[in-house]
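Q: Following this message is one structure expressed as structure tokens.
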Amino acid sequence: HGVRTHIVPMEEERLRRLARRMGYADSRALLEELERHRRQVMEVFERVFHEKAPLGRAPQRAPVGVGAPSVEALADVLRKSLERAFPRLAVARSLIVQGLERALNPKRAVVNFSAWIAELATSEVDRAEALSWLQVELPRLLGFFGTSDFLAHMAIRRPALLERIASAAGVVKETDRAEYAHRLRTEVASAGDGDDLAPSMRALRRAWTEELLRIGYRDVVHRAPLRQVNAQQTALASASLEVASELALATLRRKYGVGEAPAIFTLLGLGRLGHNGVDYGSDLDVILVYEDRAASPLARLSAQETYSHLMELLIHILSTITHEGYLYRVDVRLRPGGSASPLAQGRSAFCEYLRTKAAVWERLAYLKAFPVAGDLDFGRRLHAELQALILQPRPGEAQTLARDVREMRDRIEREKARPNSARNFKFGRGGMMDVYFATRYLQLKHCIPEPEERGTLPLLGYLQEQGALTPAQFESLSAGYHFLRQLDHALRLLFGRPLPVFPVQRATLEEVARWLGYASPEELEREHWEHRRRLRAAYEEIVG
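The numbering of the sequence shown is my numbering, which starts it at -11 and goes up by one.
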């Protein structure tokens, strides 16, 4: 169209034309290739910049106006963007400067805000209302657009969303799983219930994008507490699984006929999903378990076939890349037998496996398992049964448990922390995995079930209450884990994906330090190493 842009078109026809012009069969092929290249570029980025000079050797800053525009110069650029988009909008220069000063990266704020305001001007909005709203919200909008490219690009693709999101962002009201499911379900219902899943998948992505952007706006602009942000994202992920499973089951019923029995199954969330810790870019670790004493809910398929097909379709609904993107990568590899086993597990066989065959690493992983979607009554009964089976002492385990846990932790460090083991704050020494293995080891050793409040920090408090942690161990583990989760969240916010390696790029470090409230990158790095040292000492004291 003769216009230079870095935004992939969202309209289906424009995307289809772009795909054809670039030699792709359809828009899906183009998007899959784009995602592949993005991942490759990020991998190269990580390899290159994690081997740069040490932090202390900071690069020379360019003088103002030479590669580093002043806030005042950027304010002038932004005023011109506003005037082009909304000629009648009169905004004081001081208001723009105020907004740019609160942005993590003022230049990023100008680039993203300018792209967004241009899109907003061509969308179907009430211009009078937009003018009034922009004058009030401008400083906060600039702070938002100057923080996260990942969230900014979501807003640019749907420019009118921010007005209703921002107007309610200051209201402190947590949305639960049921409310998220209702909102997603309502949007999906508006797409109709034909055999073609594409309209429903588009509707689900539109609704999900709005909800995630709502969470992100409150996170950035109003600095919502991290535990609240994680809880909201976990609720949204659980609701997405719920609605996707309903959509999958309805599709299968139209194809294979309705059986005599209702569908009785649960989706067990593991990892962050099971422990109330979903964050930007999180994969969803899931196991589908169905009641194998009940008949099949489909007329022409067995129960095993039904639920395996349901899981397959659910993964397709959530993970397929469309021109609206995808919701989550769904990981089902933690099921018993891994990729060699069926996608769905019958309750009896699953429980028998845990009773007789589960390795220590599986019991550690399944301790976090929690029902997040499906028949929640069935899920709650199954959860209680799983906790009892997992914590049941095994003959001779008291003598070997600590050794087994150490070996697993060491293997993960060798295999997953390289090539930047020292800076990998998830898998490296003194990283988040030390906390994971220490707490799970104590649960198995002392037969301590999960507390009512899910999450690693509540679990640490509960373990101290039960006498399994000393006050000093609790302090080291809880303070260190809290710090590393804040660091992890800041990097996810900046990059839109997990990046569990302490950065070495000066610009990134400055932004992370500012987001976390540190006076300098050097102060942030000193605290990072000190927490890692104390975490490893506590881990070794606990596991031996």
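Even for Gly, the Cβ is constructed at its ideal location relative to N, Cα and C.
Check the C-beta distance from Y295 over to F253 and give it rounded, since I have them as a contact under 8 Å.
A: Confirmed, Cβ separation roughly 6 Å.
Q: Between R242 and P285, what straight-line distance do the alpha-carbon atoms span, to the nearest angstrom?
A: So the two alpha carbons sit approximately 12 Å from each other.
Q: Hey, out of W121, A249, L379, whose CA is closest to A534's CA?
A: The structure shown does not extend to residue 534, since the chain spans only -11 to 532, so no value can be given for it.
Q: Provide the residue span of the alpha helix (DSSP H) that contains A143, from first to last.
A: Here the alpha helix (DSSP H) through A143 covers 137 to 145.
Q: Quick one, which of H311, E107, E528, A212 has its alpha-carbon nearest Q461's?
A: Checked all of H311, E107, E528, A212; the closest Cα to Q461 is E528.
Q: Would a C-beta distance cut-off of 9 Å place L472 and K433 closer than the cut-off?
A: Taking 9 Å as the Cβ cut-off, L472 and K433 do not qualify as a contacting pair.
Q: Suppose the cutoff is 7 Å on Cβ atoms and the five residues either side in sequence are ignored; what does the same chain contact list for Y244 look like?
A: The answer, listed in chain order, is L286, A287, R288, L289.
Q: Which two residues bound the contiguous beta strand (DSSP E) that contains L256?
A: Note, L256: beta strand (DSSP E), 253 to 258.
Q: Taking the CB atoms as reference points, tell me whether F533 and A143 lie closer together than 9 Å.
A: Residue 533 is absent from the model: the chain starts at -11 and stops at 532.
Q: Tell me whether E561 is buried or exposed, calling it buried when 16 or more other Cβ atoms sit within 10 Å of its Cβ.
A: Residue 561 falls outside the range modelled here, since the chain spans only -11 to 532, and no answer is possible.
Q: Only counting the same chain, and skipping five residues up and downstream in sequence, which positions put a Cβ closer than 6 Å to that of G532?
A: Within the same chain, G532 has close Cβ partners A390.
Q: What alpha helix (DSSP H) runs, 4 residues minimum, are completely inside the stretch 51 to 134?
A: Correct list: 59 to 73, 81 to 90, 94 to 109, 115 to 133.
Q: Looking at T197 and G325, is the spacing between their C-beta atoms short of 9 Å?
A: Not a contact, by the Cβ cut-off of 9 Å.
Q: Could you check where the alpha helix (DSSP H) with V489 kicks off and where it finishes?
A: V489 -> no alpha helix (DSSP H), and no H or E assigned at all.
Q: With a Cβ-Cβ cutoff of 9 Å, do G443 and A353 count as a contact?
A: Cβ atoms of G443 and A353: not closer than 9 Å.
Q: On the DSSP letters alone, give me the boundaries of the alpha helix (DSSP H) that A460 sits inside.
A: Residues 459 to 483.
Q: Thinking just about the alpha-carbon of each residue, which of P127, I105, S69, A118 is nearest to the one in I84?
A: Of the candidates P127, I105, S69, A118, the one whose C-alpha sits nearest the C-alpha of I84 is P127.
Q: For P94 and H371, I'd like the C-alpha separation in whole angstroms.
A: Spanning the two alpha carbons is a distance of roughly 48 Å.
Q: Between the C-alpha atoms of A347 and E440, what's the straight-line distance to the nearest angstrom?
A: Near 25 Å, if we compare the C-alpha coordinates of E440 and A347.
Q: Can you tell which of E340, R406, I400 has its C-alpha closest to the C-alpha of A380?
A: First, the residue type needs correcting, since residue 380 is Gln and not Ala in the sequence shown. Comparing Cα-Cα distances from Q380 to each of E340, R406, I400, the minimum goes to E340.
Q: Hey, how far is the Cα of H38 from the Cα of E499?
A: Caution is warranted here: a pLDDT of 38 is assigned to H38, below 50, making its placement in the model unreliable, and the coordinate value is therefore given only provisionally. Roughly 17 Å between the two C-alpha positions.
Q: On the criterion of 16 or more Cβ atoms from any shown chain inside 10 Å, does E511 qualify as buried, or is it exposed?
A: The residue in question, E511, is exposed, as its Cβ has fewer than 16 Cβ neighbours within 10 Å.
Q: Taking the beta carbon of G455 as the centre, do at least 16 other beta carbons fall within 10 Å, making it buried, or is it exposed?
A: So G455 ends up on the exposed side.
Q: Buried or exposed, going by whether 16 or more other CB atoms sit within 10 Å of the CB of L11?
A: The displayed chain sequence assigns Gly, not Leu, to residue 11. G11 is exposed by the Cβ-count criterion.
Q: Just grab the DSSP bridge partners of T310 for me.
A: Note: T310 sits in a beta bridge opposite G313.
Q: Could you pull the DSSP bridge partners for F358 from this structure?
A: Paired residues: G257.
Q: Helix, strand or coil: which one does DSSP assign to N218?
A: The answer is helix: DSSP assigns N218 an H, G or I state.
Q: Give me, in chain order, the residues of the same chain whose beta-carbon lies closer than 6 Å to that of R351; leave out the 5 immediate sequence neighbours on both sides.
A: Closer than 6 Å at the Cβ level, and outside the excluded window around R351, lie I378.
Q: Go to Y205, then tell me how far its alpha helix (DSSP H) extends in each direction, as first and last residue.
A: Where Y205 is concerned, the enclosing alpha helix (DSSP H) stretches over 186 to 209.
Q: When you compare only the Cα positions, how much space is there between Q474 and R520?
A: Cα to Cα, the separation comes out at about 14 Å.
Q: Check each candidate in G269, Q375, P486 and name the one with the smallest Cα separation from P437.
A: Ranking G269, Q375, P486 by Cα distance to P437 puts Q375 first.
Q: From which residue to which residue does the alpha helix (DSSP H) around L289 run?
A: From DSSP, L289 is part of no alpha helix (DSSP H); its letter is neither H nor E.
Q: By DSSP's criteria, Q431 is part of a beta bridge. Which residues make up the other side?
A: The partner list for Q431 (beta bridge, DSSP) is empty, contrary to what the question assumes.
Q: How about A97 and L108: are their beta carbons less than 9 Å apart?
A: For A97 and L108, no; Cβs fall outside 9 Å.
Q: In this structure, what does DSSP give as the bridge partners for V318?
A: Answer is L272, bridged to V318.
Q: Looking only at its own chain, which residues have a Cβ that is under 6 Å from the Cβ of L200, when we skip the five neighbours before and after it?
A: Excluding residues within five positions, none has a Cβ falling inside 6 Å.
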